[in-house]
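A quick write-up on the structure given underneath.
Here it is, written out as structure tokens:
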């Protein structure tokens, strides 16, 4: 029997991508593949991301959920927030299970066993799954170029299991596996794995980008670009966790913008056609890292020299994006110009309260 | 014969290629491969079939066995017929996936060509690799030659995909003894396969037109009902297995007892109880020993999951002494030998007439069980029969006088 050609979807881009969260865009899709009623925390960054992603993707979508918050807190047996097919898979199976779904649809459509347009296949892996235990499986799926989108919803920790350090946890971030103490005053001593860049460098034929819940239109457009790209795509999305970061619940979206404005979460795209990074995304302002850190209890223990270390890290990120550094940010790399978090005027919470 | 047999043909192939042929005849949609000896030859054969255009399937070279089984899980969940396989430590590397796949009731098929576990990197066949997963909800059994392997792969899909069953299958064969020894295999007419094996149709696949959620988080009290359903599926598979074997005999003309192969047991007083390829050598050894007056026979277990408890009890109760040939490791287990001993003895517990049972650690490390060793084991059994008791439960054959 002759093979049937596989038809694929092309999703349109939304306008005004660089607007903040409070901008109303009338072109936003009405559909809600991810509905309320799940058990995530108030202000949960990953679930806000989930809603945006699935809205952008639409109804002809299949979601894959490796173990993590977005599995445990979303799905409850006999009650589901998913209006599209969804399957749990093991935490180490993010890329592989998703690859199986994509391969099945390629074969079934080609062989006439399933009739319809190739679905959007999206994997929602936490950073523990994506940067640690499921890293190889995702690399395998990207390398083999299955037509799917793998998202790392990055809350910079294993939150579902009660806040443990992942290889995405930032330097200075307190978790239950990286607590501060007299011997380790800064808590987490390692810098985060540069996951998205690793995926772009290792799989240059894939569409790879970073995004943040602070910029919803940009996020949704990147989801669509990833889905429109024929082959594998990878998105790493900043999704703050109120429980682990210890901040005031309504500030999730604010943090999503502050982390970018402070240079701690560079927003970029890797173009698989030109094989180049696109660093043209610019936040509306640039700020010192302390403005981001002081809102979160997980950084409440940091001393001035630790903040200076983080500022140096942020400045390197700005430089990498080709941004000229203002004097204030250069000054902020000297601990003498900084104060410890515990004495910072606006420190939101004390680290020990987690 | 119900169907035209014009394109039926005999070929001389080994167990690995035989399994690959079965996957081709089953028109699988997704194949996931990862190399490890000795099963690799199956995936090599399938890769060539796909490259030649003989089989239209997605052929995925996975990044590990864990990924292999996860890909298989995802593909089966989407409604595709899936074929995968492994050997030895590869079977273990994928261990996490066995329960999720059977728990989500996905009839993935996995070919196993047994290999000893590490240490220290022995290529030979021991059944421990697959047997260690025996309670994970997979249908499981051993073939003793290439023809039986081909047939068991087709039977596996037919049974596992039956809507009354929906369970994954491990179709096992001994590494090298079956996987790499060529013998005559009759390949069927595609019409026969069509008649025997209907297209795979999972009732609740991941289909955007009929959204379903697979595997949501459950509360503790919601777990046991699901486990009970899986246990019932395993029990409920028993009549389906018998039905499938009857249909197989009608369509293909080869009749198998789905549970046990009995060889020269009619008047036997002592019998070997074993699985897989050593059954072939045992048949020869038994004829040899019978010619010298020993009333010995063989019972070969063909399906270990679901375990045919009553059949094993009825069969083994007829003998005075049973010698379990393990070909697997059960370190510190009931007999301190292998795990098959416990399976045999548990089945015999309710019997009015229990035989004496030995656990023979033979064929370990992929060594052939030679005639001399069959004689040695038979003498142990005859001695126990005479004395009415065993001197010890487990013997490492070849390590004792």
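Protein chains in written order, with this note's numbering: chain A, 1 to 354; chain B, 1 to 401.
C-beta: ideal position from N, C-alpha, C; glycine also.
As the structure is a computational prediction, the values presented were derived from the model and not from experiment.
Neighbourhood of residue i by C-beta distance below 8 angstroms, restricted to the same chain and skipping five residues each side
i              : result
residue 104(B) : 73, 77, 214 and 215
residue 271(A) : 207, 277 and 278
residue 295(B) : 267, 268, 269 and 270
residue 256(B) : 148, 151, 245, 248, 249 and 302
residue 188(A) : 165, 169, 170, 171, 172, 173, 174, 175 and 178
residue 157(B) : 26, 81, 107, 109, 169, 197 and 200
Opening and closing residue of the alpha helix (DSSP H) in which residue i lies
i              : result
residue 55(A)  : 45–57
residue 265(A) : First-last for residue 265(A): undefined, no H or E at that position.
residue 137(A) : 135–144
residue 69(A)  : 69–72
residue 315(B) : 309–316
residue 21(B)  : 15–25
residue 337(A) : That residue, residue 337(A), is in no alpha helix (DSSP H); it is neither H nor E in DSSP.
residue 75(B)  : 65–77
residue 251(B) : 223–252
residue 374(B) : 371–387
residue 118(A) : That residue, residue 118(A), is in no alpha helix (DSSP H); it is neither H nor E in DSSP.
residue 109(B) : Here residue 109(B) belongs to no alpha helix (DSSP H); instead the beta strand (DSSP E) covers 109–113.
Other residues of its chain near residue i: CB distance less than 7 angstroms, five sequence neighbours each side excluded
i              : result
residue 350(A) : Legend: pLDDT at residue 350(A) = 39, less than 50; position of this residue unreliable, no value from coordinates given.
residue 4(B)   : Confidence at residue 4(B) is low in this model, with a pLDDT of 45, below 50, so the placement of that residue is unreliable and no value is reported for it.
residue 50(B)  : 57 and 59
Close beta carbons around residue i, own chain, < 6 angstroms, minus the five adjacent residues each side
i              : result
residue 94(A)  : 66, 123, 125, 129, 134, 137 and 138
residue 172(B) : 112, 130 and 142
residue 285(B) : 371 and 374
residue 164(A) : 158, 175, 176 and 177
residue 10(B)  : 184 and 186
residue 53(A)  : 223
residue 122(B) : 116 and 365
residue 2(B)   : Reliability fails at residue 2(B), whose pLDDT of 43 lies under 50, so the model's placement of it is uncertain and no value is given.
residue 43(B)  : 33
residue 115(A) : none
residue 99(A)  : 141 and 146
residue 56(A)  : 220, 223 and 224
residue 15(B)  : 146, 149, 173, 178 and 179
residue 281(A) : 267
residue 384(B) : 321, 356 and 390
residue 212(B) : 204
Endpoints, beta strand (DSSP E) assigned at residue i
i              : result
residue 30(A)  : From DSSP, residue 30(A) is part of no beta strand (DSSP E); its letter is neither H nor E.
residue 61(A)  : 61–66
residue 211(A) : 207–212
residue 300(B) : 296–301
residue 172(B) : 169–173
residue 193(B) : That residue, residue 193(B), is in no beta strand (DSSP E); its alpha helix (DSSP H) goes 190–196.
Beta-carbon gap between residue i and residue j smaller than 7 angstroms
i              : j              : result
residue 208(A) : residue 199(A) : yes
residue 327(B) : residue 66(B)  : no
residue 156(A) : residue 169(A) : yes
residue 315(B) : residue 274(B) : no
residue 266(A) : residue 45(A)  : no
residue 297(B) : residue 377(B) : no
residue 304(A) : residue 335(A) : yes
residue 164(B) : residue 53(B)  : no
residue 140(B) : residue 170(B) : yes
residue 159(B) : residue 82(B)  : no
residue 359(B) : residue 318(B) : no
residue 309(B) : residue 369(B) : no
residue 261(A) : residue 225(A) : no
residue 30(B)  : residue 75(B)  : yes
residue 62(A)  : residue 206(B) : yes
Requested in this report: State whether the segment 148–157 of chain B contacts the segment 13–26 of chain B, with contact taken as three or more CB pairs (one from each stretch) at a distance under 8 angstroms.
Outcome: yes
**Report entry** chain A contacts made by the segment 150–165 of chain B, where a contact means CB separation under 7 angstroms
**Finding:** none
**Report entry** the segment 324–338 of chain B contacting the segment 78–98 of chain B, beta-carbon criterion three pairs below 8 angstroms
**Finding:** no
**Report entry** Near-chain A residues of the segment 71–101 of chain B (beta-carbon distance less than 7 angstroms), N- to C-terminal order
**Finding:** Going along the segment 71–101 of chain B in chain order, one finds 71, 72, 73, 74, 75, 77, 78, 79, 80, 96, 97 and 100 with a Cβ nearer than 7 angstroms to chain A.
**Report entry** Residues in the segment 25–46 of chain B having any Cβ partner in chain A nearer than 7 angstroms
**Finding:** 29 and 30
Query raised in the report: For the segment 101–110 of chain A against the segment 145–152 of chain A, are there 3 or more C-beta pairs whose distance is under 8 angstroms?
Result: yes
Requested in this report: Mind checking the segment 20–46 of chain A against chain B and listing, in chain order, the residues whose C-beta falls within less than 8 angstroms of any C-beta there?
Outcome: If the cut-off is 8 angstroms between Cβ atoms, the segment 20–46 of chain A has nothing near chain B.
Report task. Could you run through the segment 96–108 of chain A and flag, in chain order, every residue whose CB is less than 9 angstroms away from some CB of chain B? Result -> 96, 97, 98, 99, 100, 101, 102, 103, 104, 105, 106, 107 and 108
Requested in this report: Output, in sequence order along the chain, the residues in the segment 109–125 of chain A whose CB is closer than 8 angstroms to any CB in chain B.
Outcome: 110, 111, 113, 114, 116 and 119
Query raised in the report: When you check each C-beta in the segment 73–85 of chain A against every C-beta of chain B, which residues fall closer than 7 angstroms?
Result: 75, 76, 77, 80, 82, 83, 84 and 85
**Report entry** Cβ contact (3+ pairs, closer than 8 angstroms) linking the segment 85–100 of chain A and the segment 55–70 of chain B
**Finding:** yes
Query raised in the report: What are the residues of the segment 143–176 of chain A that lie near chain B, defined by any Cβ-Cβ distance shorter than 7 angstroms?
Result: Residues 144.
Query raised in the report: Of the residues that make up the segment 208–222 of chain B, which ones have a beta carbon closer than 9 angstroms to any beta carbon in chain A?
Result: Listed by position along the chain: 208, 209, 210, 211, 212, 213, 214, 215, 216, 217, 218, 219 and 222.
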